[in-house]
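To start, the structure itself, in structure tokens.
There are 2 protein chains.
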Amino acid sequence: MVAELISVGTELLLGNIVNTNAAFLSREMAALGVLVYYQSTVGDNKDRLKEAVRVALLRSDLVILTGGLGPTRDDLTKEAVAEQLGLPLVEDEETKRAIAAYFKDQKKKSIPENNWKQAMVIQGANVLANHNGTAPGLLIEQEGKKIILLPGPPNEMVPMVKESVLPYLKEQSNEVLYSAMVKIAGMGESAVAMEIEDLIDKQTNPTIAPYAKTGEVHLRITAKADSLQEAKELVKPVVKELRKRFGIKIYTEEESETLEDVVVKLLLKHKLTLITAESCTAGLLTGRIVNVAGVSDVLKEGFITYTNKAKRKLLDVSKSTLKTYTAVSEQTAKEMVKGAAINGDADVAVSITGLAGPGGGTKDIPVGTVYIGCYANEKATVKHYIFSGNREKIRELSVVHALDLMRRCIISNYEK
Amino acid sequence: MVAELISVGTELLLGNIVNTNAAFLSREMAALGVLVYYQSTVGDNKDRLKEAVRVALLRSDLVILTGGLGPTRDDLTKEAVAEQLGLPLVEDEETKRAIAAYFKDQKKKSIPENNWKQAMVIQGANVLANHNGTAPGLLIEQEGKKIILLPGPPNEMVPMVKESVLPYLKEQSNEVLYSAMVKIAGMGESAVAMEIEDLIDKQTNPTIAPYAKTGEVHLRITAKADSLQEAKELVKPVVKELRKRFGIKIYTEEESETLEDVVVKLLLKHKLTLITAESCTAGLLTGRIVNVAGVSDVLKEGFITYTNKAKRKLLDVSKSTLKTYTAVSEQTAKEMVKGAAINGDADVAVSITGLAGPGGGTKDIPVGTVYIGCYANEKATVKHYIFSGNREKIRELSVVHALDLMRRCIISNYEK
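Protein sequence lines, in the order shown, are assigned to chains A and B.
Numbering-wise, this note's numbering puts 1099 at position 118 of the first sequence, and it's gapless, one number per residue.
Numbering-wise, this note's numbering puts 1254 at position 273 of the second sequence, and it's gapless, one number per residue.
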């Protein structure tokens, strides 16, 4: 099956936002063995939208549109597709109820008139529920072609794809596709790529597709076969080889599991409580740990000690340490993590202190210098990193490496 | 002038990388008043590449291709464009010398054979020097159309655009484009759209383009004219009208300024120190405030009090309050923010306590219930919100609304 993605939105054509939707959908299609030959982007203009859909339907079996389903006047995707397919828009009772319910949930007194526009759907379309917004998705089959309309905001589009679109597309293909996932932390994309260059070069079936996110690389191993059993058999040896090559660097093989999930799972498994102490990341680490629902059983409290004064007051970092070694030092990271664990009476603690820049760098302590401490089993370990990138990137990398250090500390101190 | 961008690369179609080139070029074109009506992405496939170029030349005056100029066999952009335009490839002496010089600079002993492929250029093309790689850019004029080929790596493409492409295009265009920005916080996209429906309806020049991000709506007002002065004059009354309609809801008119920038600027302006106390957001608010470089002059410390025990210990929230009203209540938010301000001896404090879910909701306190407190001028204000969406969305909305509440508190307490 050949697919084409059409991203709709003038903000994309003006370069106000980067098109992450196309990358996400392309990855998901690749994982299904669906070939994406074209991606295109058009503005909120009905004629150009219709033309893009016409061309796409000539050369592709599946056309996925994202964006332009909002309540405003310049949201025209639904209208353009309906006209191009020669189908009318009809009111969908269920969607109408869903919109009313959505606003009721939000305790909104009145529903903006223009929101009812979103209750109109293309006749005969399969309506895909939107649990994170008011614009439903639409799935239309016409003359052997499939057209799917999805909302533009990633927090609405991504769940809809996982809940509705992928299961539907899986049913369509007669070939069985099976993928395994191997997630690696604390290694850059090119370092991982070099490790597996030989495997990538000779790959046909299964294939290994690397996907890099900040501080992590996810390897998706996908095999095609006539039966699920066969596909699994093809994937197995590759995963085994990857385990051999990356070892402890692999933090999970679960598609949906994040690094913070793994850390919280380890803490729960060993009935350990956690305290955090953050300086340059100032809460980003704890904020990410709390992504995990049910974390309240392990996380006691967190200290954001951005100033030296706060480090002394809340974490008992000694004045002389700060004076002799400065706030960005192994000694400070160590005293921070010990102070956090003791003052908060927790089994495990983590500390981050570093220089995210842009200013303040010196020859001895360049911008990007970060010390991460982990306290476990009454021992404190501190690791030294020098990250490159802008302020935001350095802080993100600090969070990922802190999570990975916690994972390794807990495993080495409490496992087996 | 109507432009079209064609990004070339199978890695884009597989979703292995996000297309930042298209966003960059679109921004640059918009700034020049060049209208980008289409962006498209094709893989390293000669036939599909030729077809994409053919279609682009039918509907656009300027076609910019990025990628596929590398030395490897699957880099086909130059070959495809040459064939489509019916022009031969000829060796370019200067490029050949440049490639030799590049490898000499890099202290490489030998030059890989396939690199000489990059010395071949389309006959009659204007060769654009590449100071950061070996693939030159090409600029071709044919039958009133312009075709520009650029290397894919951003660190090669971006400098080439600034050095060669923009100056060339500036000469071509006789129209000037000017944009103003108005950023609104605490209002949804559809509510904003309804407020300005009449303006949007009658818009021609200038135009108003809304862009929604979590808890915010950005309005870009863009005018075209023969001179910058004229364009500015066209934009002015629209901005004035928007100020009248949205008032305090507008947090900035600076393109590059974020909500956290504004909050920190206000704190610095009035020499106010800040303390944060977060429960359900667990550091996300403070982490975002610390995006602002130089925040260390205002932010003293932050408390992440995820458990009741921590709320009592670190913020002196009374046992009876937690018992009588629970942790997710106006009273708790008020005691949290007062406790933070007093214990931390700060001028301004902010507190967030809420239920992000997915579990734990009741009829009285449904998932999405959030109380945000702001302490300023020795007074505590608490606002009650009910957000909808998943755990992540609820926490993001809490952060944005907390920043906006801080902004309003500081303005009402310390301005004029």
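For glycine and all other residues, C-beta sits at the position ideal for the given N, C-alpha and C.
Predicted model only: the values in this text are computed from it and were never measured.
- One Cα belongs to P1339/B, the other to L1265/A, and the distance between them is close to 21 Å.
- Partner residues in the beta bridge of L1158/A, as assigned by DSSP, are K1205/A.
- Here A1082/B is exposed. Its C-beta has fewer than 16 other C-beta atoms within 10 Å.
- Under the 8 Å Cβ criterion, the region 1373-1384 of chain A counts as touching the region 1265-1281 of chain A, having at least three qualifying pairs.
- Only those residues of the region 1282-1314 of chain A whose C-beta falls short of 8 Å from the nearest C-beta of chain B are listed: E1282, G1283, F1284, I1285, T1286, Y1287, T1288, K1290, A1291, K1294 and L1295.
- Between D1073/B and K1127/B a beta carbon distance of about 19 Å is seen, past the 8 Å cut, so the two are scored as non-contacting.
- When the five nearest sequence neighbours on each side are left out, the beta carbons in the same chain lying within less than 7 Å of the beta carbon of Q1123/A are those of L1066, in order along the chain.
- For the C-beta of L1280/A, the chain B residues within less than 7 Å are, from N- to C-terminus, Y1287.
- In the three-state DSSP reduction, Q1184/A falls in the coil class, being neither helix nor strand.
- For C1390/A, the enclosing alpha helix (DSSP H) starts and ends at R1372 to Y1395.
- Here DSSP, grouped into helix, strand and coil, assigns N1107/B to strand.
- One alpha carbon belongs to T1288/A, the other to E1282/B, and they sit about 7 Å apart.
- Of G1167/B, F1284/B, L1050/B and Q1210/B, the smallest CA-CA separation from Y1232/B is found for G1167/B.
- Annotation: the continuous alpha helix (DSSP H) that includes K1059/A extends over T1058 to L1066.
- With 16 or more neighbouring CB atoms inside 10 Å of its own CB, A1061/B falls in the buried class.
- Note that the C-beta distance between A1314/A and G1342/A is not below 7 Å.
- The C-beta distance from A1174/B to I1202/B rounds to 15 Å, too long to fall under 8 Å, and the pair is not in contact.
- Interface criterion not met: the Cβ of P1148/B is under 7 Å from no Cβ in chain A.
- Comparing alpha carbon positions, the residue from A1357/B, L995/B and E1211/B closest to L1248/B is A1357/B.
- In the DSSP assignment, T1115/A falls outside any alpha helix (DSSP H), carrying neither H nor E.
- A Cβ-Cβ contact shorter than 7 Å links E1176/B with R1226/B.
- Across the region 1014-1025 of chain A, CB contacts with chain B closer than 7 Å involve V1017, Y1018, Y1019, Q1020, S1021, T1022, V1023 and G1024, in sequence order along the chain.
- A distance below 6 Å between beta-carbons, with the five flanking residues on each side excluded, links V983/B to the following residues of its chain, in chain order: L1016, Y1018, S1041 and D1042.
- When the Cα atoms are used, S1154/A and P1148/A turn out to be separated by approximately 11 Å.
- Chain-order list of chain B residues neighbouring D1086/A: P1347, G1349, I1367 and S1369, by C-beta distance under 8 Å.
- Under the DSSP definition of a beta bridge, E1197/B partners with A1166/B and K1194/B.
- Not flagged as an interface residue toward chain A: V1363/B, since no C-beta distance is shorter than 7 Å.
- At the C-beta level, L1255/B and V1329/B come within 7 Å of one another.
- Under a 10 Å Cβ-count criterion, D1326/B is classified as exposed, with fewer than 16 other Cβ atoms of the shown protein chains found around its own Cβ.
- Close to R1372/A, with beta-carbon spacing below 8 Å, are these residues of chain B in chain order: N1272 and A1274.
- Under the Cβ criterion of 7 Å, N1002/A is not counted among the residues facing chain B.
- By the rule that beta-carbons nearer than 7 Å mark a contact, L1043/B does not touch chain A.
- Of all alpha-carbon atoms in I1367/A, V1279/A, V1044/A and A1322/A, the one lying nearest the alpha-carbon of D1242/A is that of V1279/A.
- Between the alpha carbons of V1198/B and K1360/A lies a distance of about 48 Å.
- Where L1050/B is concerned, there is no enclosing alpha helix (DSSP H), because DSSP gives it neither an H nor an E.
- By DSSP's assignment, S1332/B forms a beta bridge with A1258/B and G1354/B.
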